[in-house]
Amino acid sequence: MAKSQLQREVKKKQPFESAEQEAYLSILRTHSLLSAPFDRLFREHGISSPQYNILRILRGHQETGLPCLEIASQMITSVPDITRLLDRLEKAKSVRRERSLQDRRVVLVEITAAGKKILTKLAKPLAEAEKASLNHLTKKELADLIRLLSKARGDAPVKK
Numbered sequence: 019m020a021k022s023q024l025q026r027e028v029k030k031k032q033p034f035e036s037a038e039q040e041a042y043l044s045i046l047r048t049h050s051l052l053s054a055p056f057d058r059l060f061r062e063h064g065i066s067s068p069q070y071n072i073l074r075i076l077r078g079h080q081e082t083g084l085p086c087l088e089i090a091s092q093m094i095t096s097v098p099d100i101t102r103l104l105d106r107l108e109k110a111k112s113v114r115r116e117r118s119l120q121d122r123r124v125v126l127v128e129i130t131a132a133g134k135k136i137l138t139k140l141a142k143p144l145a146e147a148e149k150a151s152l153n154h155l156t157k158k159e160l161a162d163l164i165r166l167l168s169k170a171r172g173d174a175p176v177k178k
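Numbering (the numbering used here) for the sequence shown: 19 to 178.
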């Protein structure tokens, strides 16, 4: 039997144990390869991918700010250390935290002008990187990929 593309890439001698295993490992391999240029770009701007995600979330809620748990629930990738990420962003003056006037137990996080400036600087290079990462796929292939990935997540547990 001919080796799969993934088998050749990772120089695996034996076939995968199942199609599910190969699909899962293929998703991980694809994520690793596609995320590398983005990680480099974020590093050049002194932030990480999760920190960028936090800034994007907060920009969408700049009028009100968000509690930490709500930020965590909107993250693209789940992170166990949202507080540490916010500490770093606050130290860099990209976010600020304030206690809610309605409920003193709630700490609201807001994006600052410095945080918005980072997002503005990254907008064009990120758009270019996004296009470059998948520009070899047709519009139909992209639509199929989006549909299949969504379907794959359909039964995945969602952390709240």
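Using N, Cα and C, we set each Cβ at its ideal position, and we do this for glycine too.
When secondary structure is reduced to three states using DSSP, I89 falls in the helix class.
Inter-segment contact for the region 82-98 and the region 121-141 is present: three or more beta-carbon pairs are separated by less than 8 Å.
Between the region 91-108 and the region 30-37, the count of C-beta pairs closer than 8 Å stays below three; the two stretches do not touch. With respect to P68, A147 sits apart: the two C-beta atoms are not nearer than 7 Å. Boundaries for L155: no beta strand (DSSP E) harbours it, and the DSSP string shows neither H nor E there.
Restricting attention to Y42, K135, L59, R74, the CA atom closest to the CA of R171 is found in Y42. A contact is defined here as three or more CB-CB pairs under 8 Å, and the region 133-147 meets this definition with respect to the region 56-65. Note on geometry: alpha-carbon atoms of A37 and I45 lie some 12 Å from one another. Per DSSP, R122 lies in no alpha helix (DSSP H) and is assigned neither H nor E.
With respect to A132, S112 sits close: the two C-beta atoms are nearer than 7 Å. In this structure, DSSP gives I129 an extended state, which the three-state scheme calls strand. In the DSSP assignment, the residues bridged to L84 are V127. Straight-line measurement puts the Cα of L24 at about 32 Å from the Cα of S91.
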